[in-house]
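Protein chains in written order, with the numbering used here: chain A, 9 to 265; chain B, -13 to 323.
Okay, structure coming up:
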């Protein structure tokens, strides 16, 4: 039998923040070319897990990115393969939108090199993909919260990494742009990019291929989004205050009143 | 802060600033108690030549270079700390330099801008060593440069404590009071060619390093995690940039005393006319700092001629006014958005 290629493997990972352990022995595998959403109540450790996967936190345990030990990898090589979009990161207002997205090309550039024509083409594609092309000459400070988010998403896309990690990518986006994001992710997985996202909107999260359900620093469940067991696990971690139903061939989460 | 309206291209802005600096230096060499005549007579009059070549020219050039050092340091501080109110003195270098000068004055006595070479050298050295030691102390207290907030707080603590020590020395030795006050206000009057060349060399080194490392400042505008995720060696570059910041500030402070606001205002002025990446911001802030201090120096010499004002007083008044205007303007802009 052919084993599927694993983009990321996590083995017994513990993470402590400010002296307190917040992730208690995580074991997970993410199949390459699939979209996984991570859900769970506030404080479950979703963002911490995503940061650990990006190699942004000191962890005990082992994380492998395509069979290479993440923490031992050359940082530039890692940055080429793994793109990160953070949550609520303070971005200063003074940079032009074009320059912000061009930062995504940094892992592919030499230290003092000027951007190549390929870099320019990739930045343009990323800006058009998030419909941010028209603001390329503006500074970040002149944009609204949702517009900013689309620019930051374009920045993450411009890395053209094989693995994309996104923390609350839908923050501040209006419904049409949330749908755009969904199509963007489908497009990425079709090109065999692995996408892992932390999402609060359960309805959106249920559109993913797979789901990781977290609670209190542990994995409560990992499974396909279409799977009934996954739905029961989600309902359980939210204290059965929500219910998941089928509607027009999609899964929706509704509050239980 | 957002800036709208007409934008300059970075290249156009740099050329304008270079021209302004050159004009300022030329004008500076023509202004003084003996007036424009010395400038006209310089070719055939020995004394006039001396006035222009040995006094006015190094003074004007020195003002420009000292301002440039402060402008560069300001741009680095604001980029590193991602705080538009960061200024070159925030790691404690100002109070460190003051303490150094206070100690030196108490030991040697006399005026910080005395002409005797050894005393001058002693005071300049004391100010420089004081500034650098203060920054090192801040780094030790903050346990490195990785934690930005801790670094800022440590800078405040070092500033307050060393400032208090300097005040204590002045209190116990009232005879150093006048000299101390002169240093605190800052002056460009006594810059000679040696100082000019020293400052220019330091400036070249600092600008080169800052320019080469500026892409890290660009990445830092998106937050630390994103900068790290882009594969940048954040830790060593931060250390290097703090060193450049301390070197530039220490050198300027040692030669001209504590000149206020130039380092804070120069990057703001740059950003109000150009939206660009940090490599240009660093270069443009350097030029802008030079032009600012040069202009302030000219004004200080002309305002109450034939008397002269300490240039630090002028930069404080003008810089304070500018920031006040900036504050109200950004408030109204936020109100209308």
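Idealized CB from N, CA, C, for every residue including glycine.
Closest residue to residue i among the options (Cα-Cα distance)
i             : options                       : result
residue 360/B : 201/B, 46/B, 188/B and 205/B  : With chain B covering only -13 through 323, there is no way to say anything about residue 360/B.
residue 215/A : 260/A, 227/A, 242/A and 230/A : 260/A
residue 73/B  : 249/B, 274/B and 269/B        : 249/B
residue 186/A : 63/A, 196/A, 238/A and 138/A  : 138/A
residue 61/B  : 88/B, 281/B and 251/B         : 251/B
residue 1/A   : 236/A, 82/A and 51/A          : Residue 1/A lies beyond the stretch modelled for chain A, which goes from 9 to 265, so this question has no answer here.
residue 90/B  : 156/B, 204/B, 134/B and 298/B : 156/B
residue 84/A  : 67/B, 28/B, 217/B and 210/B   : 217/B
residue 241/A : 46/A, 228/A and 157/A         : 228/A
residue 132/B : 75/B, 9/B, 213/B and 309/B    : 213/B
residue 243/A : 48/A, 40/A and 24/A           : 48/A
residue 223/B : 201/B, 128/B, 215/B and 236/B : 201/B
residue 33/A  : 69/A, 17/A, 26/A and 81/A     : 69/A
residue 195/A : 210/A, 140/A and 134/A        : 134/A
residue 190/B : 8/B, 3/B and 55/B             : 55/B
residue 2/B   : 309/B, 245/B, 237/B and 256/B : 256/B
residue 70/B  : 192/B, 291/B, 32/B and 247/B  : 247/B
residue -7/B  : 21/A, 102/A, 136/A and 72/A   : 102/A
residue 210/A : 80/A, 239/A, 197/A and 160/A  : 239/A
residue 19/A  : 258/A, 263/A, 264/A and 226/A : 226/A
residue 234/A : 250/A, 217/A and 249/A        : 217/A
residue 23/A  : 13/A, 64/A and 40/A           : 64/A
residue 232/A : 27/A, 39/A, 21/A and 28/A     : 39/A
Contact belief for residue i with residue j at Cβ below 8 angstroms, rounded distance in angstroms
i             : j             : result
residue 46/B  : residue 149/B : Going by Cβ atoms, the distance from residue 46/B to residue 149/B rounds to 31 angstroms, so no, they are not a contact pair.
residue 172/B : residue 44/B  : Not a contact, Cβ separation roughly 17 angstroms.
residue 181/B : residue 48/B  : 6 angstroms
residue 120/B : residue 234/B : Their Cβ separation, rounded to whole angstroms, is 14 angstroms, which puts residue 120/B and residue 234/B out of contact at 8 angstroms.
residue 92/A  : residue 173/A : 5 angstroms
residue 170/A : residue 62/A  : About 13 angstroms separates the two Cβ atoms, so there is no contact after all.
residue 124/B : residue 78/B  : 5 angstroms
residue 227/B : residue 273/B : 19 angstroms between Cβ atoms; not a contact.
residue 0/B   : residue 270/B : 6 angstroms
residue 196/B : residue 268/B : 5 angstroms
residue 10/B  : residue 186/B : That belief does not hold up - the Cβ atoms of residue 10/B and residue 186/B are roughly 16 angstroms apart, past 8 angstroms.
residue 115/B : residue 86/B  : 6 angstroms
residue 236/A : residue 45/A  : That pair is no contact at about 17 angstroms.
residue 221/A : residue 245/A : 6 angstroms
residue 106/A : residue 144/A : 4 angstroms
residue 203/B : residue 264/B : 4 angstroms
residue 100/A : residue 129/B : That pair is no contact at about 26 angstroms.
First through last residue of the alpha helix (DSSP H) which encompasses residue i
i             : result
residue 35/B  : 32 to 36
residue 106/A : 105 to 110
residue 263/A : Counting along the chain, residue 263/A falls outside any alpha helix (DSSP H), though it belongs to the beta strand (DSSP E) covering 258 to 263.
residue 41/B  : Premise fails: residue 41/B is in no alpha helix (DSSP H) and is neither H nor E.
residue 14/B  : -4 to 16
residue 185/B : 179 to 206
residue 130/A : 125 to 137
residue 57/A  : 54 to 61
residue 189/A : 183 to 198
Cross-chain neighbours of residue i in chain E, by beta carbon under 8 angstroms
i             : result
residue 211/B : This model lacks chain E altogether, as its protein chains are A and B.
Span of the beta strand (DSSP E) around residue i
i             : result
residue 33/A  : 28 to 39
residue 254/A : 250 to 255
residue 228/A : 226 to 232
residue 204/A : 202 to 206
residue 274/B : Run containing residue 274/B: none in the beta strand (DSSP E); it sits in the alpha helix (DSSP H), 264 to 288.
residue 21/A  : 14 to 25
residue 220/A : 218 to 223
residue 47/A  : 43 to 47
residue 143/B : Element bounds for residue 143/B: not the beta strand (DSSP E) but the alpha helix (DSSP H), 134 to 158.
Short-range partners of chain B found in the stretch 132 to 148 of chain A, where Cβ spacing is below 9 angstroms: So the close ones are 145, 146, 147 and 148.
Contact list for the stretch 190 to 207 of chain B against chain A, Cβ threshold 8 angstroms: Residues 198, 201, 204, 205 and 207.
Three Cβ pairs or more, each shorter than 8 angstroms: is that satisfied between the stretch 114 to 128 of chain A and the stretch 55 to 62 of chain A? no
Within the chosen definition, does the stretch 152 to 169 of chain B reach the stretch 29 to 44 of chain B through at least 3 CB pairs nearer than 8 angstroms? no
According to a CB-to-CB cut-off of less than 9 angstroms, which residues of the stretch 149 to 172 of chain A neighbour chain B? Identification of residues in the stretch 149 to 172 of chain A having a C-beta nearer than 9 angstroms to some C-beta of chain B yields 149, 150, 160, 163, 164 and 167, given in sequence order.
Which of the residues in the stretch 94 to 127 of chain A, read from start to end, lie with their CB under 8 angstroms from any CB of chain B? 94, 97, 98, 99, 100, 101, 102, 103, 104, 107, 108, 111, 112, 114, 115, 119 and 120
Is it a yes or a no for the stretch 246 to 258 of chain A touching the stretch 239 to 247 of chain B, going by three-plus beta-carbon pairs under 8 angstroms? no
Quick test of the definition: if touching needs 3 or more C-beta pairs under 8 angstroms, does the stretch 197 to 209 of chain B touch the stretch 101 to 113 of chain A? yes
Does the stretch 144 to 152 of chain A come close enough to the stretch 190 to 206 of chain A that 3 or more CB-CB pairs lie under 8 angstroms? no
Is the stretch 27 to 37 of chain B touching the stretch 49 to 58 of chain B, taking contact as three or more C-beta pairs under 8 angstroms? No contact exists between the stretch 27 to 37 of chain B and the stretch 49 to 58 of chain B.
Which residues of the stretch 73 to 90 of chain A have a Cβ closer than 9 angstroms to any Cβ of chain B? Give them in chain order. 82, 83, 84, 85, 86, 87, 88 and 90
Compile a chain-ordered list of the residues in the stretch 252 to 269 of chain B whose CB is closer than 9 angstroms to at least one CB of chain A. Per Cβ criterion, the list reads 257, 261, 262, 263, 264 and 267.
With a threshold of 8 angstroms, are at least 3 pairs of Cβ atoms found where one atom belongs to the stretch 25 to 35 of chain B and the other to the stretch 295 to 307 of chain B? Because the criterion of three Cβ pairs below 8 angstroms is not met, the stretch 25 to 35 of chain B and the stretch 295 to 307 of chain B do not touch.
Closer than 9 angstroms, Cβ to any Cβ of chain A: which residues of the stretch 156 to 178 of chain B, in chain order? none
Determine which residues of the stretch 125 to 138 of chain B have a Cβ less than 8 angstroms from any Cβ of chain A, and write them out in chain order. none
Taking only beta carbons into account, state which residues of the stretch 67 to 94 of chain B come closer than 7 angstroms to chain A, listed in chain order. 68
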